[in-house]
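Here's the structure, in structure tokens; my notes come after.
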Amino acid sequence: MAYINILVVIAMILACDYLPAQDCDKLESEGRFSSQDEDSLELVKKELLFDAYRNLITQKMNCMGLDAKKFWEKFDLDFEKSFEATAEALKKNTDASPSDNKEDFEKKLRMKRLVSKREFGSLDRLIDSYSILKMSRSTQYPNSRFINITGKIDPGALRDLYYKYTDSNQKRMIEQMLVTTQVKLTDLTWSELGVQSDTDFSDSLKDSWMKWLSANWGRFFKGVYIVNDTSVSDLEKMKFTTGYDSSSVSLSVFKSMIKDSQEQIVSGGKENIKVSNNAVWINFFINIKKLQDNRMLNKKEFEYSGYYIIKDLMSGEIVGHYDFPIEKKQYFMDEISGFASSVASYTYNLPLGNLGAESKKISSLINEENKITLELQNISSVKDILSFNEELVNKGARFQLRPTLESYVGDKGQILLSYQGATEDLKKFLSGLKNNRISTSKLITFVDDDNPYVLKLITTSEEDSGETKSR
């Protein structure tokens, strides 16, 4: 008997590993409301249901991978702004009527607020269906009321409402790309390079890098600007949105926050540049060290090192960073006609090998759509693909996923997945789908856990027989 009990416990543990922690189709939630003595039962019930609806919606957003905290902050902020006019009008009417006292005004204001908040955003249209499990009140505090319900949320309507209030689907056009270059010489002088000053050398580099950035990243920015090296410290001190995280507030909120922020004027050579709050700054730092100067062979040897940093001035976030590998270069002076140009050309190419890969990071700042191809294996029918795509869209709503079936041969399908955001974040999201159950009752697994782009659907019987081990 003990042996049987142990088997039952083991079976339950194994089953728990493959069942979702929460049934995201039919959810349960509790609503609370602190009533007042004059409140009718109808009002109490409406307020309880409204609070329960909000909790249901929060749970569904969590299931869909949406940021519920971000949504409610923006939603409630918009409500307060919209209610200001109502409150002001009520106050004027109260002031105009001598018979109304402050207590009457507070009661009317409370009732107006309750009704307006229930109607704001039409949250009830997100509820496909609900059932009341029970209603209760506290024995210790009779005005504390409770309701427990189960309900289903329309995921499509919720997605639309979420993006409406968070601006998550807005594209950001960056005003400026600012380019600075710092060149440091070690055991070397500018005259040895064949130039009169550091600006002659660095200006040539900045101009070349600006042309590369305009040609390759021009679609991300309204303009690319060269900034003098002396302004680097000014840019480092800029704090347009100190204390705020660009990923946790909407674009419209960001715009309102930075409207009154400090302005910074930096030197751009021929004219000063008024730095936009909505700018990205790339700073190149280059160190050129002389290792050898063989006058007999008329040969010089230099060592090159350095890095670049890309910073989003709107959020203060470091978008990209790259340390150049240390490189050594020999120059035979008899064979070189323009020594300074040769050194500048070599320096110019140092970051380009990695700079092209930063495009995806820049595109994530403007919510540009990216695309990858997924392979789905062990498909029984088109219904499996549709069910899998539905799971992607519902759980990955924050990426605004758009899966498109490209091919379906045998038991394999190719899905073109369009998404917004950083690729690394999407990769983590896909990895988190392991053991999720789609509507055809199959589980999502991976052929290789390190590669979330090749997925495999399995049945529970396959899982039980151990056929899902990564190969």
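Heads up: the sequence shown begins at 295 in our numbering, then just goes up one per residue. Positions of the beta carbon are idealized from the N, C-alpha and C atoms, including for glycine.
>> Could you check whether residue 598 and residue 579 sit closer than 8 Å to each other, using their CB atoms as the reference points?
In response: no
> Taking the C-alpha atoms as reference points, what is the distance between residue 485 and residue 632?
Replying inline: 13 Å
> Does DSSP classify residue 570 as helix, strand or coil?
Replying inline: coil
>> So, for residue 766: in the same chain, excluding its five sequence neighbours on each side, which residues have a beta-carbon less than 6 Å away from its beta-carbon?
In response: There is simply no residue 766 to check, as the chain begins at 295 and stops at 765 in what is shown.
> So which of 473, 400, 410 and 397 has the shortest CA-CA distance to residue 340?
Replying inline: 410
> For residue 734, which option in 677, 725 and 740 has the closest C-alpha, if you only look at C-alpha atoms?
Replying inline: 677
>> Here's the rule: buried if 16 or more other CB atoms are within 10 angstroms of the residue's CB, otherwise exposed. What is residue 645?
In response: buried
>> Here's the rule I'm using: 16 or more other beta-carbon atoms within 10 Å means buried, otherwise exposed. How should residue 355 be labelled?
In response: buried
>> Buried or exposed for residue 323, going by 16 or more other Cβ atoms inside 10 Å?
In response: buried
> Can you list, in chain order, the stretches of the alpha helix (DSSP H) that have 4 or more residues and sit fully within the region 387 to 437?
Replying inline: 396 to 413
> Taking three-plus beta-carbon pairs below 8 Å as touching, is the region 617 to 631 in contact with the region 653 to 663?
Replying inline: no
>> So, at 6 Å on beta carbons, what are the nonlocal neighbours of residue 634 in its own chain, with the 5 sequence-adjacent residues on each side left out?
In response: 487, 488 and 489
> What residues in its chain sit with their C-beta under 8 Å from that of residue 540, if we drop five residues either side in the sequence?
Replying inline: Bear in mind that a pLDDT of 36 at residue 540, under 50, signals an unreliable position, so the model cannot answer this.
>> With H, G and I counted as helix, E and B as strand and the rest as coil, what does DSSP make of residue 311?
In response: Note that residue 311 has pLDDT 36, beneath the 50 cutoff, so the model's placement of it is unreliable and no number is given.
> For residue 471, does the count of other Cβ atoms within 10 angstroms reach 16, so buried, or fall short, so exposed?
Replying inline: buried
> Could you give the residue range of the beta strand (DSSP E) that holds residue 744?
Replying inline: Taken as a continuous stretch (DSSP letters only), residue 744 belongs to no beta strand (DSSP E), as it is neither H nor E.
> According to DSSP, what are the bridge partners of residue 597?
Replying inline: 583 and 622
> Where DSSP assigns a beta bridge to residue 617, which residues make up the other side?
Replying inline: 601
> Can you check whether the CB of residue 507 is closer than 8 Å to the CB of residue 518?
Replying inline: yes
> Comparing alpha-carbon positions, which option in 705, 689, 707 and 482 lies nearest residue 357?
Replying inline: 689
> Quick one: what's got a C-beta closer than 7 Å to residue 553's C-beta in the same chain, skipping five residues either side?
Replying inline: Annotation note: pLDDT 41 at residue 553 (below 50); position unreliable, coordinate value reported separately. Nothing listed; no residue qualifies.
> If you draw a straight line from the alpha carbon of residue 412 to that of residue 691, how long is it in whole angstroms?
Replying inline: 25 Å
> Would you call the region 413 to 423 and the region 444 to 455 in contact, with 3 or more CB pairs under 8 Å?
Replying inline: yes
>> Mapping the DSSP letters down to three states, classify residue 516 as helix, strand or coil.
In response: strand
> Grouping DSSP H, G and I as helix and E and B as strand, with all else coil, what is residue 497?
Replying inline: helix
> Should residue 513 go down as buried or exposed, given a rule of 16 or more other Cβ atoms within 10 Å for buried?
Replying inline: exposed
> Hey, which unbroken runs of the beta strand (DSSP E) at 3 residues or more fall wholly within the region 659 to 724?
Replying inline: 663 to 671, 696 to 703 and 706 to 714
> Going by the C-beta, is residue 644 closer than 7 Å to any heavy atom of the ligand FAD?
Replying inline: The model depicted lacks the ligand FAD and carries no ligand whatsoever.
>> Taking the beta carbon of residue 620 as the centre, do at least 16 other beta carbons fall within 10 Å, making it buried, or is it exposed?
In response: exposed
> Excluding the five sequence neighbours on either side, which residues of its own chain have a C-beta within less than 7 Å of the C-beta of residue 492, listed in chain order?
Replying inline: 477 and 484
> Span of the beta strand (DSSP E) holding residue 326?
Replying inline: 321 to 328
>> How far does the beta strand (DSSP E) with residue 637 in it extend, from its first residue to its last?
In response: Careful: residue 637 lies outside any beta strand (DSSP E), inside the alpha helix (DSSP H) at 633 to 643.
>> If you follow the beta strand (DSSP E) that residue 475 is in, where does it begin and where does it stop?
In response: 468 to 480
> residue 382 bridges to which residues according to DSSP?
Replying inline: In the DSSP output, where bridge partners are listed per residue, residue 382 has none listed.
> Between which two residues does the alpha helix (DSSP H) harbouring residue 351 extend?
Replying inline: 335 to 357
> With distances taken from CA atoms, which of 717, 628 and 686 is nearest residue 658?
Replying inline: 717
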